[in-house]
Amino acid sequence: MNQLVQDKANSPATLTNGAQATLAAEKRELAKRWFLVSPAMIIIGLAGLAPLTIILFYSFMSPGPYAGISFEPTFQAWINLVMEEDLFEETLGPNYAHGSIFARSIGLALGTTVLTLVIGFPTAYFIATRPLSQRNFWLFMISLPFWSNLLVRTFAIMMFIREQGFVNHVLLYLGAIDKPLNIMFTPTAVWIGLAYAYLPLMVLPLYASMEKLDFRLIEAAYDLYASRRKVLQKVIIPLVKPGIVAGSILVFIPSIGAYVTPKILGGGKSLMLGNLISNQFGTSRDWPLGSALALFLMALVMVALIIYVRNESRNNPGG
Amino acid sequence: MNDTVAITVRGVSKVFSQATEHEVRALDNVSVSIAKNEFFTLLGPSGCGKTTLLRLIAGFEHPTNGAILLEGTDISALPPFQRPVNTVFQNYALFPHMTVAQNIGFGLEMQARSKTEVENTVSKMLDLVRMEALRDRRIDQISGGQQQRVALARALAPRPKVLLLDEPLSALDLKLRKEMQLELKRLQHETGITFVFVTHDQEEALTMSDRVAVMRDGIIHQIGSPVEIYNHPNNRFVADFIGESNFIEAELIAADGKTGKVKFTDRVEFDATLPSATVETGPVTVIIRPEHVTLTTNNSHAHLRGTVNNSVYFGTDTHYYLTLDSGEEFVIRQQNQRGEKSRVNAGTQVGILINDDGIQVLAN
Chain A
1 MNQLVQDKAN SPATLTNGAQ ATLAAEKREL AKRWFLVSPA MIIIGLAGLA
51 PLTIILFYSF MSPGPYAGIS FEPTFQAWIN LVMEEDLFEE TLGPNYAHGS
101 IFARSIGLAL GTTVLTLVIG FPTAYFIATR PLSQRNFWLF MISLPFWSNL
151 LVRTFAIMMF IREQGFVNHV LLYLGAIDKP LNIMFTPTAV WIGLAYAYLP
201 LMVLPLYASM EKLDFRLIEA AYDLYASRRK VLQKVIIPLV KPGIVAGSIL
251 VFIPSIGAYV TPKILGGGKS LMLGNLISNQ FGTSRDWPLG SALALFLMAL
301 VMVALIIYVR NESRNNPGG
Chain B
1 MNDTVAITVR GVSKVFSQAT EHEVRALDNV SVSIAKNEFF TLLGPSGCGK
51 TTLLRLIAGF EHPTNGAILL EGTDISALPP FQRPVNTVFQ NYALFPHMTV
101 AQNIGFGLEM QARSKTEVEN TVSKMLDLVR MEALRDRRID QISGGQQQRV
151 ALARALAPRP KVLLLDEPLS ALDLKLRKEM QLELKRLQHE TGITFVFVTH
201 DQEEALTMSD RVAVMRDGII HQIGSPVEIY NHPNNRFVAD FIGESNFIEA
251 ELIAADGKTG KVKFTDRVEF DATLPSATVE TGPVTVIIRP EHVTLTTNNS
301 HAHLRGTVNN SVYFGTDTHY YLTLDSGEEF VIRQQNQRGE KSRVNAGTQV
351 GILINDDGIQ VLAN
């Protein structure tokens, strides 16, 4: 489209009739294209850009007395994001409460990514090495929980890990522990819950790249004196790296903004960014801070995406 | 143990999906010895078990019965990465995430050789397969013929005791294939490594090999030099698979070791070569190669008589398709002489003179 506009700008004033006709046709073509993409543009505008603009605007306003905002421009929300006013000395210090929530969110999201990778890699390898007729069954089994409600799944995990739950019963029975483990309402519970919830998002892209893997290359590596560990390190991992990166991004992004899982499994002590944002629009009644936090979360996700895109373009310099 | 033997395959059977309805016996009690520095070819139609035998030697499969010995040591239980044997794969199986040089150096690096040794060997190998200029190219940036050379260099770089080649030339076009045949011969000569070559192309097998094993249905039908295999096939399958043959019913009237006498219907006796297996006198099938006979229009003293049905001109020679008086089909290949005169037209009554040593009796 740019090309068309430029061509028009560069075209000399003296045009033949034929060229003018072509130009008019191109112009009509351009208008038609704009018309055809307009539904998408409207959706992007209304559902994407407009709310973002509102959030950005809110983050520079003051909180309203009961909720909402009052139209007094200020940077206070952005300051409150990282700083905290000491009530008695009236000095600004770092906001440790926010800091610990940010750290926990990033930590849990990274931890979830690692855990799903560790569980998902052998799972995807297992599926990719099944006969073609069985693979769809295994993929279905892996993605089956994903089709049920997140809330239901989270409660299911809760039944599993609570004090009187399955895990504790088994461990007690086996004599591995003396008294029930206290997993519920700890970051560990959130970690397990998130990993369970987002495991399919790791397995599916991993499977997609492992399915394309030419297993004759593994034979070739064995033939050339590579041990099993070396084959994994030198051949399999480099070749399925796009899947590893895609899966990690797909798990990291929803994990860092998770809301339901930390709320149910984490209790009050294991808040994550999503819960903090929700609190600002609820009990804390600080919409500007909530807006600033939401934008901050988006920035974190963007960083993850930029790393992903740069990685991709390095892998495929041609594309 | 004989120290000139590289590979001994001793009574090896391989059964896939054993004790299920899909049970396949890919190899059935196969035994063969391959000498050091030999260019040994496993030849057979697809599904004959030749690739299975190669994979057993490489270690990708393990024999159901029997043992595989490398220079007298049983290696049947070793995984591929502990066998000093390398493979050139049919599709080359080059690592797409590595350069040409990295591919060639892979085996050496896995053997934890020093960096300088890896570099020196890679350079030597690139030189050997004439690929120095392309050492830093990615695999998808080089042609099929070049990939073939890289695959060869990669497999030769760790200096294996035996090099296994699984139909490595089948993906190349005819001209490149001819070039690579000569190249392989040269490489085998220069490196002095034992080559075990798998192919279904009989011409490839005959031109390149020191010895050929002809296989079908998991059984080796005959092992011998290309000349032996071609001139003295043991049975009908080998005769039919390698080159063109005429199969004629005859009667064996005398047998003495490797030679005997046969008689065709109402005709004189001929000397004939007998197969290694014992053949009893009586009705037998003999083969006569199309180029081991001479066509004659003067049929008074001919050995066989027939009528020309058709003749096909091939430039260097002409093929005549005949029906013998006995009703059997017969093909004759005659080298073309100068001038059109020598052509015999369809419908002509002709005689056939069988050259000395031109009759091979088949095992029954």
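For the protein sequence lines, the chains are A and B, in the order given.
Note that full-length UniProt numbering numbers the first sequence so that position 220 is 220, with each residue one more than the last.
Note that full-length UniProt numbering numbers the second sequence so that position 198 is 198, with each residue one more than the last.
Beta carbons are placed, not taken as given, at the ideal position from N, Cα and C, and that holds for glycine.
Asked, Found
"Chain B contacts from the stretch 234-247 of chain A (Cβ-Cβ distance under 7 Å)", "V235, P238 and L239"
"Buried/exposed call for N2 of chain A, threshold 16 Cβ in 10 Å", "Per-residue confidence for N2 of chain A stands at a pLDDT of 49, beneath the threshold of 50, marking its modelled position as unreliable; no derived number is given."
"Test: Q222 of chain B CB closer than 8 Å to a CB of chain A", "no"
"Min CB distance F95 of chain B to chain A below 8 Å", "yes"
"Bridge partners - S209 of chain A, DSSP secondary structure assignment", "None, per the DSSP bridge assignment."
"Cβ-heavy atom distance, H62 of chain B to the ligand NAP, below 7 Å", "With respect to the ligand NAP, the structure offers nothing, as it holds no ligand at all."
"V5 of chain B - DSSP class collapsed to helix/strand/coil", "strand"
"Endpoints, the beta strand (DSSP E) within which F40 of chain B is located", "F39 to L43"
"Positions along the stretch 100-119 of chain B whose CB lies within less than 7 Å of some CB in chain A", "F106, G107, M110 and Q111"
"Extent of the continuous beta strand (DSSP E) run through T207 of chain B", "No beta strand (DSSP E) contains T207 of chain B, which is instead part of the alpha helix (DSSP H) from Q202 to M208."
"Endpoints, the alpha helix (DSSP H) within which H189 of chain B is located", "L174 to T191"
"Per DSSP, cross-strand counterpart(s) of G260 of chain B", "B:A255 and B:A272"
"Three CB pairs or more closer than 8 Å across the stretch 289-309 of chain B and the stretch 217-225 of chain B", "no"
"Bounding residues of the alpha helix (DSSP H) (the contiguous stretch that carries S105 of chain A)", "Y96 to A128"
"Three-state secondary structure (DSSP) of residue 320 of chain A", "As displayed, chain A neither begins before 1 nor continues past 319, which places residue 320 of chain A out of reach and without an answer."
"Members of the stretch 194-224 of chain A that neighbour chain B once the beta carbon cut-off is set at 8 Å", "D214, R216, L217, E219, A220, A221, Y222, D223 and L224"
"For V361 of chain B, the nearest candidate out of B:K261, B:Q334 and B:V331 (CA to CA)", "B:K261"
"Residues that DSSP places opposite D166 of chain B in a beta bridge", "B:V198"
"Reduced DSSP secondary structure (H/G/I, E/B, other) of H319 of chain B", "strand"
"Rounded C-alpha distance that separates G351 of chain B from G47 of chain B", "41 Å"
"Under 7 Å by beta carbon: chain B residues contacting S227 of chain A", "F81"
"Length of the line joining the Cα atoms of N120 of chain B and L126 of chain B", "10 Å"
"Within 8 Å, strictly: CB atoms of T281 of chain B and A255 of chain B", "yes"
"Inter-residue spacing [alpha-carbon to alpha-carbon] between T323 of chain B and S311 of chain B", "12 Å"
"Classification of V37 of chain A by the beta-carbon crowding that lies within 10 angstroms, buried from 16 upward", "exposed"
"Beta carbon proximity, F89 of chain B to chain A, threshold 8 Å", "yes"
"Contacting positions in the stretch 225-248 of chain B - beta carbon closer than 9 Å to chain A", "none"
"Range covered by the beta strand (DSSP E) that runs through H221 of chain B", "I219 to G224"
"Opening and closing residue of the alpha helix (DSSP H) in which Y173 of chain A lies", "F166 to L174"
"Start and end residues, beta strand (DSSP E) containing G105 of chain B", "Premise fails: G105 of chain B lies in the alpha helix (DSSP H), V100 to M110, not in any beta strand (DSSP E)."
"C-beta neighbour in chain A for F16 of chain B, strict 8 Å", "no"
"4 or more residues per run - each alpha helix (DSSP H) lying fully within the stretch 239-303 of chain A", "273-281"
"Under 7 Å from the C-beta of K230 of chain A: neighbouring residues of chain B", "M110"
"Three-way DSSP call (helix, strand, coil) for E141 of chain B in this model", "Before going on, a small fix: residue 141 of chain B reads as Gln here, not Glu. In the structure shown, Q141 of chain B sits in a helix (DSSP, three-state: H, G or I)."
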